[in-house]
Amino acid sequence: MKHFVCGLLILSAAALLAQVPDTPAPSAPPGSGGAPSTTIIPAPRKSPSTEPSVPLGEEVPMYDPGTEIISWGGKHWNITNQRIFQARFEKYLNAPEQTDAANAEYQKTIRDILELLSPQNVNNTKLYQAYVLLFRAAAHDADGGVCNALASAVATAWQAQMNQNQLAQTAEELKKAMNVEQSKAIMYAAAQEHSSTSAANTSKKGGSAPVVNPHEMRQSFALKEAAAFQAQIAALTAKREVSALQARIQFQALMLQLFLQRRFQHVQIACHLYRQIFNEGDSAIKVEGQTKEFFTKDLGMPPTVSTLLSLATEAMRDVREGVQAYLFLADRNEMDSATKRLSEAFLVGEYMPEIRTLPREKKRLALTYSQKANRLVSALSVKDYTQAEQLINELEAMAKDFDSTKARAAVETAKTVSAMHLAKARNAAIAGEKQTVEDELKQAAAVWPRNPALLDMSSTIFSQSDLQQKAIADFDQLLSQGNIRQIFNDKLRFIAAMATDTARQEKLKKVLEDMQVIEAAIARAQEFARRGDPAGAWEAVERAAQQFPDDVKLNQLRGNYSSEAASFVESLRTAQRLETHGQIGSSLAWYLKAQRHYPLSDYAREGIDRLAKKILPSS
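Numbering of the sequence shown is given in the numbering used here, commencing with residue -9 and proceeding in unit increments.
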């Protein structure tokens, strides 16, 4: 079938050159008898140099059955992947089957016409019956008015033949008149010769001068009349030949037009009508240029009526086999091959009854498959590999013969490459390389724009960036408030957020070092308290609280231990207050009292030492 599709497409694209007779020359001026004289001369041909140049080897379209690509004039088309073809094919797949009574009657009428025109039924009666049935067939929508065109062509051919008969009869009458004039001319010539002889004898005897012979004038007139009749006969003969040629060429043009329209049943009817009307068994079809070369060189057959009939018959057989193959493959769930076979059959025989009567539910299988296949192509073209993978699985389940190798390779390759870029982006994010993260995310998006992992990673990275900015803002706020304990409690968050911020890293380091001092003091205080020494515990936190007065935990422990060692704390604070006011004696007394409450007190010992130096400077 592909070989025939190739031929049909090349015929369609070549656009059939000049299906008209050669242009006749203008009529000659009227002769002496008033009858026009017409001669037929070939129309001038264009010089080869004036023809548009085309690439060598591309004078006609070239078709590659392996790829279903047709090439012409340096351009390429996929015959089954064009929007026009896809639109017509999908319209056909959604249309109901034409199995109603009207279509059945139409097909019966077509069969009756072909039966009446079959070679074993050649007679004028059956020819006229077939002619009448053409009008009945043309009344059906399925015919599209094609039978009307055929009937019109038949009527035109018959009228041309009647005109030819009339012209032949007129030419015969003119021939008889010409013969009469020629006979007169011969008779006048003989009479003139006799008169000339008599005049010569008279002259020898000394008679009068000779006079003009009337027979000579009559002979001249008769010859002119005979020449005029001959010119009229030639003109009528040429006119009759042109009329016959025009009728044949017009009918041949209609046959070729029907063939290119893929109306193969009508091509059969037209070929049978042509043979019977023109009484030609295998008349050559008048084609020129590339179309003639296609028949003679590419197909290896002469452009004849028999060739056209054979091609139409072969096309009908191929369509029937294509539909049968589709039904067989569809039953075996081999929808990839089945859809191709149906599209090929539709491309060749769109108007064949086998195509038009195929049940809609059978056609919908091909429609579903082709729609999914087209969606897969679209998904791959826009790099939607999630949708593509889903469609591949659906097509594999629907069609056992679906070849998913290339599609799956494209999906898996894209997934692998995208994952590699995402891994690089993740590592760059950990290292704080923002430009690398951006570049890798762009490359991952270019490979697989709708990758779910890409969306998740982008969200994670962006959320991490937001968290980083928030952590930095919190750190600055807490540091300005002196709340280093809260910074210490969230140290892991701040360490991660300031991995690339050197200045803040130094501040964070100082906070952590200060917190080590605070925590060490708290640990000592808790140890004193565990041993039942609240005064020692108070002194441990008191010294740290003086250095870090804003620490909440220090202040809380300070208050707790001061209540447990109230006498010591009160004595020590009274001594410190009196020392501040310059009351050295009273202050010393209170330091000694505090030391009695807690002999190991560093604060009491240091206060006593200071006051002793003031009282006894030399010591």
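Beta carbons are placed, not taken as given, at the ideal position from N, Cα and C, and that holds for glycine.
Remember, predicted model here, so these are calculated numbers, not experimental data.
I275 and Y264 have their C-alpha atoms spaced approximately 11 Å apart. Counting every other CB atom within 10 Å of its CB across the protein chains shown gives I605 a total below 16, marking it as exposed. Apart from the 5 residues on each side of it in sequence, E529 sits with its Cβ closer than 7 Å to the Cβ of S591, D592 and Y593 in its chain, given in chain order. Y121 and H130 have their alpha carbons spaced roughly 16 Å apart. If the five residues before and after S360 are omitted, its C-beta is found closer than 6 Å to the C-beta atoms of T329, all from its own chain and listed in chain order. Ranking F79, A302, Q266 and A237 by CA distance to the CA of Q251 puts A302 first. The Cβ atoms of V437 and A404 sit closer than 7 Å to each other. A straight-line Cα-Cα distance of about 10 Å links Q266 and A260.
About 6 Å separates the beta carbon of S333 from that of F79, a gap short enough to meet the 8 Å contact definition.
The three-state secondary structure of T89, taken from DSSP, is coil.
Counting only runs of 3+ residues, no beta strand (DSSP E) is found wholly inside the segment 534 to 580.
Contact between R331 and A315 holds: their C-beta atoms lie close to 5 Å from each other, under 8 Å.
Under the DSSP definition of a beta bridge, A274 partners with T294. Judged by DSSP in its simplified three-state form, M488 adopts coil rather than helix or strand. Only residues of its own chain outside the window of five on either side were considered, and among them Y375, A378 and E379 have a CB closer than 6 Å to the CB of V401, listed in chain order. The three-state secondary structure of M447, taken from DSSP, is helix. Contact annotation, M447 with R475: C-beta distance approximately 35 Å; criterion of less than 8 Å not satisfied.
Within its own chain, the residues whose Cβ lies closer than 6 Å to the Cβ of Y551, once the five positions on either side in sequence are excluded, are P524, A527 and W528, listed in chain order. At a Cβ-Cβ threshold of 7 Å, S394 and A434 do not count as neighbours. Between K481 and Q467, the alpha-carbon positions lie close to 14 Å from each other. Linking N479 to E532 through their CA atoms gives a straight-line distance of about 22 Å. Distances from the CA of S371 to each of P439, G522, A463 and A150 were compared; the closest alpha carbon is that of P439. Put simply, the backbone Cα of Y588 is about 43 Å away from that of R483.
A Cβ-Cβ contact shorter than 7 Å links K583 with S561. Per DSSP, N114 is one residue of the alpha helix (DSSP H) stretching across N114 to A128.
If you check the CB distance, F538 and I508 come in under 7 Å. Here V501 has I474 and I477 as same chain residues with Cβ atoms under 6 Å from its own Cβ, once five neighbours each way along the sequence are excluded.
Note on geometry: alpha-carbon atoms of L498 and G472 lie some 12 Å from one another. Within its own chain, the residues whose Cβ lies closer than 6 Å to the Cβ of R350, once the five positions on either side in sequence are excluded, are P86 and E87, listed in chain order.
Contact check for A418 against T426 passes: the beta carbons are separated by less than 7 Å. Counting the other Cβ atoms within 10 Å of the Cβ of Q255 gives 16 or more, which makes it buried. Taking 8 Å as the upper bound for CB-CB distance, Q247 and L299 are not in contact here, some 15 Å apart.
In the displayed model, G312 falls within a helix according to three-state DSSP. Rounded to the nearest whole angstrom, the C-alpha separation of I462 and S470 is 12 Å. Collapsing the DSSP output to three states places E423 in coil. Inclusion of D326 and A389 in the CB contact set at 7 Å is warranted, their separation being smaller than that value.
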